[in-house]
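This report refers to the structure that appears directly beneath it.
There are 4 protein chains.
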Amino acid sequence: MTAALERPRPAGGPAVARDIGRLVVACTDGPGIVARVSAFLHRRGANIVQSDQFSTGPVGGRFFLRTEFHLPGLRAALPELDRAFADEVAPALGGTFHLRDASPTTRVALFVSRYDHCLLDLLWRARRGELPISVVQVVSNHPDLEADVAAFGVPFAHIPVTRATKGDAEQRELDLLAGRVDLVVLARYMQVLSGDFLARVGVPVINIHHSFLPAFAGAGPYERARQRGVKLIGATAHYATEDLDEGPIIEQDVVRVSHRAGVADLTRAGADIERAVLARAVRWHCEDRVLVDGRTTVVF
Amino acid sequence: MTAALERPRPAGGPAVARDIGRLVVACTDGPGIVARVSAFLHRRGANIVQSDQFSTGPVGGRFFLRTEFHLPGLRAALPELDRAFADEVAPALGGTFHLRDASPTTRVALFVSRYDHCLLDLLWRARRGELPISVVQVVSNHPDLEADVAAFGVPFAHIPVTRATKGDAEQRELDLLAGRVDLVVLARYMQVLSGDFLARVGVPVINIHHSFLPAFAGAGPYERARQRGVKLIGATAHYATEDLDEGPIIEQDVVRVSHRAGVADLTRAGADIERAVLARAVRWHCEDRVLVDGRTTVVF
Amino acid sequence: MTAALERPRPAGGPAVARDIGRLVVACTDGPGIVARVSAFLHRRGANIVQSDQFSTGPVGGRFFLRTEFHLPGLRAALPELDRAFADEVAPALGGTFHLRDASPTTRVALFVSRYDHCLLDLLWRARRGELPISVVQVVSNHPDLEADVAAFGVPFAHIPVTRATKGDAEQRELDLLAGRVDLVVLARYMQVLSGDFLARVGVPVINIHHSFLPAFAGAGPYERARQRGVKLIGATAHYATEDLDEGPIIEQDVVRVSHRAGVADLTRAGADIERAVLARAVRWHCEDRVLVDGRTTVVF
Amino acid sequence: MTAALERPRPAGGPAVARDIGRLVVACTDGPGIVARVSAFLHRRGANIVQSDQFSTGPVGGRFFLRTEFHLPGLRAALPELDRAFADEVAPALGGTFHLRDASPTTRVALFVSRYDHCLLDLLWRARRGELPISVVQVVSNHPDLEADVAAFGVPFAHIPVTRATKGDAEQRELDLLAGRVDLVVLARYMQVLSGDFLARVGVPVINIHHSFLPAFAGAGPYERARQRGVKLIGATAHYATEDLDEGPIIEQDVVRVSHRAGVADLTRAGADIERAVLARAVRWHCEDRVLVDGRTTVVF
């Protein structure tokens, strides 16, 4: 009832302008990096639309750069642009770079157990074009959410996991995803993936943990939050690594709770934070905003 | 990947203990109100589980009380309890009271136009048992969301509204809802309901407005927020009254935005706040936590 | 430049109405507690102004009650009221109760090392009448802040502490405070008080820790927050116990930080949260809002 | 009691590295701006440490750039650098630019009436080296805060203002400040400065308004917030313009309040938000992070 004025539903995709490219650089800091990169882009007819940089220290620190540029005819020009950057600029910088067309969506597999809030939120945001992703597969160790996933037209694979079958299950998962995904998101997947899986899956894995890490790492964070009597509970999205809940943190947030909140209340309140934090982390990752710096991240 | 431990999905309903009753009182403040009420409940075998009260001033102020009590055999005892309170306590208090079994869910009709975020969030939460509501009807002036609603097994009525047909449309809505609902929620319904409708519908109407009221009341709040250059945007849930966006506020929240956020970004970020604020307002209303005090509310 | 209208500075004290008493009860839950307490107050001519209660479970749970009441002539009536409550009500409740006049300020000693932000904030608030406290003594293991404290007319005791002199120093502190204070506040006091001190000081001790506990308990929390790459930093006010940073939490809050924030930035941003959290904790404690429940607190 | 480890008080000044310069550009967007600017700095031996940019649209939009660079011997090199930029780069950009040494502190005059919280907070932050400012003058229309200001060694001018004397008072203020300040901060100054004063003072004026603008512009915002029953109250720092409370917003924040909060409680809770918001706005302004874009600001 807020107004007679009505606006149409947002069209089927995020506002990705055509001919927008992204360049991400991570190297040792030194003089003239920005000058070199921007001169290169300018010579090639690209106009910088947005640029962020960060250095851990001017002398010998680690340097990170993320640049969005507009270049008419980007798609056709990209291979040559990549080659030219590799030849003309990269050697002087050292480090690594990544140059890509900003328009393609990221192909994502979602892993889930039985809680539906993160899964539904990501599927829904993808459908309404809020996230630059296409969900190509859902994997679950439980059958519960099959119908919900089917309603979004996404394949659902039920792969049960027991202690005895874990190796086989992970192999099935790897076979299922091979070559099909750019990112795996653990949307409240209550199984610990092995270091072997993480090494072989070949794409980043983002996990949502239902606590404000490093507090309450591991099992039962809401129960332990209740016992400790904290006044805020939180959620943490991080890259999964072999060390459980120790990977580089992408995003965190918290919500205030009182002594009246039992574990069920914490679980409910926390669910809202979990889905919000995970959605932000996935968006930032897919927009190439998250650069890993050792155990931490730079988020542009 | 947070833990090997796995908990089942919450069962189909919020944690409503049986035999819990609720008593809400609004009257002029004066000595002994709590004593009278609690003595009455104690005499009748009820044990107070939770009690909140608020007075705008000890002498002649307005007094508000919300009490949850446990009474074995509540359902059968309720009619007599109500009669006894009306006879023995209410006359001394003046004002109004409301005594009910806490367990029945609130029957809700959702009104929506084309934005789906508030609608889906409430349907998800209702299905998950997070809100003590059952959605019995969705009404929309557009057909767009029919399939989404059907997936939840909820009837969807498409009732178009034009300037010329508004009176007829509202009559159809009133006919459709008559006797079937305890609450109407405007979940981004972009039509202004008439004062006549509000008077005749006979149940409270909660609206979500996409600004931090009283800032940006009326149409186009995100556009106007952008123009004014505010650093936070918000959402407000309030009871709908004949004065557009002037009804008693139940809940508000905000999110930080930067100069980089265009109207589309504000709309997307705001959507998350809108659905969170609306869900809280609906829950609190259905738990009898919201007492109207003139143009404002007391929220216990 | 916000308005031509000008309001005088708030008068020298918080808005404590005269003749307001407070009753705090902690006992095992059972039927009729509120009825008994409110009937007692009503019989004695007291009108309940505000009442909060909380139970960890209706059958055998722990029950907590905080009631503010208005009783003309409270001060004179208090001794007899206390005796009557002890005779007529307390035996049936079991547990503990505390009945007092709400108007006297709490006598506070502040312990501080070299960081001034928490100390000054509390002194400012006390002077402005924002906190119901009177600061009667500042104790520091460094001389740095003596002049700042003197400007408020508060005695400053410089009591250095080394490993060798710690026992003597604590004895001097105990002698200095004996009978003069109702509360000790560690306002960034960087010495660990011994269990012996805590046992003998005879009043509650509130500490501010510069992290979101249980994350980063112990030394160097900002350094460790930086290393772990958390996206929010926090502060925690808690009752000091023999187990460092393990006492019942009274209040916590956080602030968002980015990868750009070095340890100095975290320290600066954190200081604002520390002083805000500590001020709230002190206020709530002095208003009898904080009830300890094992390792946690109930905050009414 | 958080740790035995003790760190010394921060030294007397913010972490301003020597030889750091700042370049701020505002112009119409077009290709190659970043390339031109960064190539110029590189040629001159400057290394970009931090750079932020924003464009309202790639074709004909407004473009904003803020760059921090390291240049050995900056102070001596600055005049020539400025001239060279004006000759070699600025003509191609159009618009305006500003090039300066980052190390000098901003000379600030604080205007205040009787509320002390914003004044004390800024004086204290300046003293502890948290803000890159030196407060050179306090002006007040009341004598109340003279002793507090004296304790910081800052001159205090009591200049009463009445309707009849306003013109004379403003003239005295202009005479007092002429050539001595780079910024005026209205730290809860309850007089409306005339357009004539704002035009003639010749430096930016930052005001703190005690509401979340545009809600509750003008007088009595806390009273009106109470009447409207909002669930959050806020504060807004903005550049003062002739249109009261309509100037470009620099920073805003809010805090949650409940129905229990009377006007005195709102005033107290709001004071904490006011001082925090104002301190951030002053810091960002003095670090050249705030660029005015019509009625709004870009904050890097």
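So the sequences go chain by chain: Y, S, Z and V.
For the record, in the first sequence the residue sitting at position 256 is 256 according to the numbering used here, with numbers rising by one throughout.
For the record, in the second sequence the residue sitting at position 299 is 599 according to the numbering used here, with numbers rising by one throughout.
For the record, in the third sequence the residue sitting at position 214 is 814 according to the numbering used here, with numbers rising by one throughout.
For the record, in the fourth sequence the residue sitting at position 191 is 1091 according to the numbering used here, with numbers rising by one throughout.
Note that the Cβ used here is the ideal one computed from N, Cα and C, for glycine as well.
Please read these numbers as outputs of a predicted model, since none were measured by experiment.
Is it right to say S:P308 is buried, meaning 16 or more other beta carbons lie within 10 angstroms of its own, or is it exposed?
-> Here the model assigns S:P308 a pLDDT of 34, short of 50, so the residue's position is not dependable and the matter cannot be decided.
Are Z:L722 and Z:A869 closer than 8 Å when you measure CB to CB?
-> no
How about S:D482 and S:R407: do their beta carbons lie closer than 8 Å?
-> yes
Alpha carbon to alpha carbon, how far is S:L445 from Z:Q852? Give it in angstroms, no decimals.
-> Between the alpha carbons of Z:Q852 and S:L445 lies a distance of about 42 Å.
Establish whether the CB of Y:I48 and some CB of chain V are separated by less than 8 Å.
-> yes
Below 8 Å, can you find three or more Cβ-Cβ pairs linking the segment 433–444 of chain S to the segment 129–144 of chain Y?
-> The way I'd put it, the segment 433–444 of chain S doesn't touch the segment 129–144 of chain Y; fewer than three beta-carbon pairs between them come closer than 8 Å.
Would you give the residue range spanned by the alpha helix (DSSP H) that Z:A876 belongs to?
-> 863–886
How many angstroms separate the CA atom of S:L410 from the CA atom of V:S1158?
-> 28 Å
Mapping DSSP to helix, strand and coil, what is S:E368?
-> strand
What's the gap between the Cα of Y:E88 and the Cα of V:P1004?
-> 40 Å
Cβ-based contacts, 7 Å cut-off: residues of the segment 251–277 of chain Y near chain S | A264, R268, D272, A276
Between Z:G834 and Z:I873, which are expected to be in contact by the criterion C-beta below 8 Å, what is the C-beta distance as a whole number of angstroms?
-> 6 Å
Would DSSP call V:S1040 helix, strand or coil?
-> strand
Would the segment 335–349 of chain S and the segment 628–647 of chain Z be scored as touching if the rule is three or more Cβ pairs under 8 Å?
-> yes
Exposure of S:S511, with buried meaning 16 or more beta-carbon neighbours within 10 Å | S:S511 is buried by the Cβ-count criterion.
Could you work out which residue in Z:A861, Z:N807, Z:G829, Z:P631 is closest to Z:T841 when comparing CA atoms only?
-> Z:N807
Would you grab the beta carbon distance between V:F964 and V:V1198 for me? Rounded to a whole angstrom, and I think it's under 8 Å.
-> 5 Å
Of all the residues that make up the segment 115–131 of chain Y, which are near chain S by a beta-carbon distance shorter than 8 Å?
-> Listed by position, the residues of the segment 115–131 of chain Y near chain S (Cβ gap below 8 Å) are Y115, D116, H117, L120, W124, R128, E130.
Identify the residues that DSSP records as bridge partners of S:R556: which are they?
-> S:L532
With a CB to CB cut of under 8 Å and the five nearest residues on each side skipped, what residues in its chain are close to Z:A690?
-> F697
Is the Cβ of V:T1141 closer than 8 Å to any Cβ of chain S?
-> no
Distance, Z:L776 Cα to S:S430 Cα | Position check: residue 430 of chain S holds Glu in this sequence, whereas Ser was assumed. If you take the alpha carbons of S:E430 and Z:L776, they lie about 55 Å apart.
Taking the alpha-carbon positions, what's the S:G518 to S:H509 distance?
-> 9 Å
Spatial neighbours of Y:R226 within its chain, please: CB distance less than 8 Å, with the 5 preceding and 5 following residues excluded, ordered by chain position.
-> A261, G262, V263, L266
Tell me Z:H838's beta-bridge partners as DSSP assigns them.
-> Z:N807, Z:I849
Cβ-based contacts, 8 Å cut-off: residues of the segment 962–989 of chain V near chain S = none
Would Z:H758 be called buried (16 or more neighbouring beta carbons within 10 Å of its own) or exposed?
-> exposed
What does a CB cutoff of less than 8 Å around Y:D346 pick up in its chain, not counting 5 residues either side in sequence?
-> A query on residue 346 of chain Y cannot be resolved here, the shown segment of chain Y reaching from 1 to 300 and no further.
Inter-residue CB distance, V:G973 and V:V925 (contact presumed, cutoff 8 Å) | No, V:G973 and V:V925 are not in contact; Cβ-Cβ is about 23 Å, not under 8 Å.
CA nearest to the CA of S:T328, picked from S:L393, S:Y539, S:T596, S:A402 | S:L393
DSSP three-state assignment for Z:G673, whether helix, strand or coil | Assignment of Z:G673 by DSSP, reduced to helix, strand and coil, places it in the coil class.
Using the Cα positions of Y:Q171 and Y:L193, report the straight-line distance between them to the nearest angstrom.
-> 11 Å
Taking the alpha-carbon positions, what's the Y:Q191 to Y:V161 distance?
-> 8 Å
Please classify Y:R9: does DSSP put it in a helix, a strand, or coil?
-> Low confidence applies to Y:R9: its pLDDT is 33, below 50, so where it sits in the model is not reliable enough to give any reading.
Apply the 10 Å Cβ neighbour rule to V:R966 and answer buried if 16 or more other Cβ atoms are within range, or exposed otherwise.
-> buried
Alpha helix (DSSP H) segments (min. 4 residues) lying fully within the segment 116–174 of chain Y = 117–127, 146–150
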